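Read the structure below first, then the notes.
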Amino acid sequence: NEYNYPRITMAPLPTSAATLAAALSALLFVDTYHVIAFTPSARLLQPLLHRPSNNQNLPMANQHQHQREHRLSSASSTTTSLCISSSDIQAKLKAQMTKLQERDRSSREIPPDELDVIYEDENIAVINKPSGVLTVPGKHDNPSLNKAAFERFGCESNRMDKMVVHRLGMDASGLVVFARTNAALRELNTSFRTRKVARKYEVLVCGHVANDNGMINLPLMRDYECPPYMRVSTEEHQRALIGLDPVEVGKKILESPKPSLTEYEVIAREELDGKDVTRLALTSISGRTHQLNVHCAAIGHPIVGDTIYGYGGEAAANGGLDQQELPEGSASEELQKEITEAMTGKPMCVHAKSISFEHPITRDELSFECEAPF
884 NEYNYPRITM
894 APLPTSAATL
904 AAALSALLFV
914 DTYHVIAFTP
924 SARLLQPLLH
934 RPSNNQNLPM
944 ANQHQHQREH
954 RLSSASSTTT
964 SLCISSSDIQ
974 AKLKAQMTKL
984 QERDRSSREI
994 PPDELDVIYE
1004 DENIAVINKP
1014 SGVLTVPGKH
1024 DNPSLNKAAF
1034 ERFGCESNRM
1044 DKMVVHRLGM
1054 DASGLVVFAR
1064 TNAALRELNT
1074 SFRTRKVARK
1084 YEVLVCGHVA
1094 NDNGMINLPL
1104 MRDYECPPYM
1114 RVSTEEHQRA
1124 LIGLDPVEVG
1134 KKILESPKPS
1144 LTEYEVIARE
1154 ELDGKDVTRL
1164 ALTSISGRTH
1174 QLNVHCAAIG
1184 HPIVGDTIYG
1194 YGGEAAANGG
1204 LDQQELPEGS
1214 ASEELQKEIT
1224 EAMTGKPMCV
1234 HAKSISFEHP
1244 ITRDELSFEC
1254 EAPF
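If you read the sequence shown in this note's numbering, its first letter stands for residue 884, the second for the next number, and so on.
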């Protein structure tokens, strides 16, 4: 189809590599690179599966588009053997979670009467969240948009956590929907889970993106080297997980790679303090954790002000890819450094600009939009 989704077929896992290869060869339009093994032992079969060429099994009309996807679908890592231990992962995760909890405590408190309310009725409320505010309070009851919305609107269950149907990162700004009734909560949860909610983001990224539009098609995994963050999944890094105990490192670290697809469109090529930046409209087709941040970094154009996945950030550089794997025209390290220094103390340039969904009770089609603050 238009976005070249990998076809997913649910079937019992074959007991041998030969049986698996035969089963795969019988399927139409299957890209074996996107086949996900759900058991540790099955990961051992991956080297026996040959990745197709970039254009294999693609309709002719889509081959040109496929080639324009920054050559990202064919990105792979070196075959250098990695050595990791459960104790290292645990120590890194504990240290990083402590830092994140401290950071969450810096969330700004918003008086309920100062909320930027875009829409409200007896069932839902749509609010424009400012940057620097948590969507939900977390375990330590930090200041949050959720708390301010509860104090202003209340909800049927009289529990503020029963208003939450989705969230934005603390550094992001933009539209957030809250439920006010149990029925609205139930229906909105279903809409988000079944991907019937359309959201578009506006971002600034480092450098000038060459193509006017395109797709970023890169699978994501938890980064065991920089937990709890994400990175582009490669065979090398999947192999490194073999033998790790989920009880010791946590199940999320050992989750299979998640197919991830981001659509982008250039709004404008601009300058920020004399430095090249590009304003993009992004649509997360698959909705993975930190997907937009990792994908932008992996094409060599990290989001401006991103202290996690950008230059000198806490996560793996370039979304986990090596420098030589980045597409031509990516932002130089020098440019990224200059922009990072210019953005010190300023919020990340990510804004949830628009959201469209069916009203959970009336079934009316709703669509809201608010301008980016950057």
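Cβ coordinates follow ideal geometry from the N, Cα and C atoms, glycine included.
Given the structure is predicted, the values throughout are model-derived calculations rather than measurements.
Could you tell me how far apart the beta carbons of residue i and residue j are, in whole angstroms, since I believe they sit closer than 8 Å?
i	j	result
Val-1080	Phe-1251	Incorrect: roughly 11 Å between the Cβ atoms, too far for contact.
Val-1016	Leu-1028	5 Å
Val-1059	Leu-1071	No, Val-1059 and Leu-1071 are not in contact; Cβ-Cβ is about 12 Å, not under 8 Å.
Val-1177	Thr-1161	Not a contact, Cβ separation roughly 17 Å.
Gly-1183	Arg-1114	Not confirmed; about 15 Å, so no contact.
Thr-1073	Cys-1038	With 8 Å as the limit, Thr-1073 and Cys-1038 do not qualify as a contact, their Cβ atoms being about 18 Å apart.
Leu-1218	Asp-1156	That pair is no contact at about 12 Å.
Let me check one thing: in DSSP terms, what residues is residue i bridge-paired to?
i	result
Phe-1240	Leu-1249
Thr-1145	Ile-1099 and Ser-1167
Phe-1061	Ala-1008 and Val-1047
Leu-1155	Lys-1158
Arg-1114	Met-1104
Ile-1186	Val-1088
Ser-1027	Leu-1017
Ala-1032	Note: Ala-1032 sits in no beta bridge, so no partner.
His-1120	DSSP lists no partner for His-1120.
Ala-1235	Gly-1057 and Tyr-1084
Which residue comes first and which comes last in the beta strand (DSSP E) that contains residue i?
i	result
Cys-1089	1081-1089
Here's the rule I'm using: 16 or more other beta-carbon atoms within 10 Å means buried, otherwise exposed. How should residue i be labelled?
i	result
Arg-1069	exposed
Ala-1042	With the sequence shown as reference, residue 1042 is identified as Arg, and Ala is not the correct amino acid for it. Arg-1042 should be labelled exposed.
Lys-1083	buried
Pro-1185	buried
Asp-1106	buried
Ile-993	buried
Ala-958	Because Ala-958 carries a pLDDT of 41, less than 50, the predicted location of this residue cannot be relied on, and the following value inherits that uncertainty. Burial call: buried.
Gln-1206	exposed
Thr-1245	exposed
Ala-1067	buried
Ile-1007	buried
His-1234	buried
Glu-1254	exposed
Locate the alpha helix (DSSP H) running through residue i, then write down its first and last residues.
i	result
Val-1000	Note, Val-1000: premise wrong, no alpha helix (DSSP H); beta strand (DSSP E) at 999-1003.
Met-980	969-987
Pro-1129	1129-1132
His-1179	Rather than His, the amino acid found at residue 1179 in this sequence is Cys. Note, Cys-1179: alpha helix (DSSP H), 1174-1181.
Ile-1222	1216-1225
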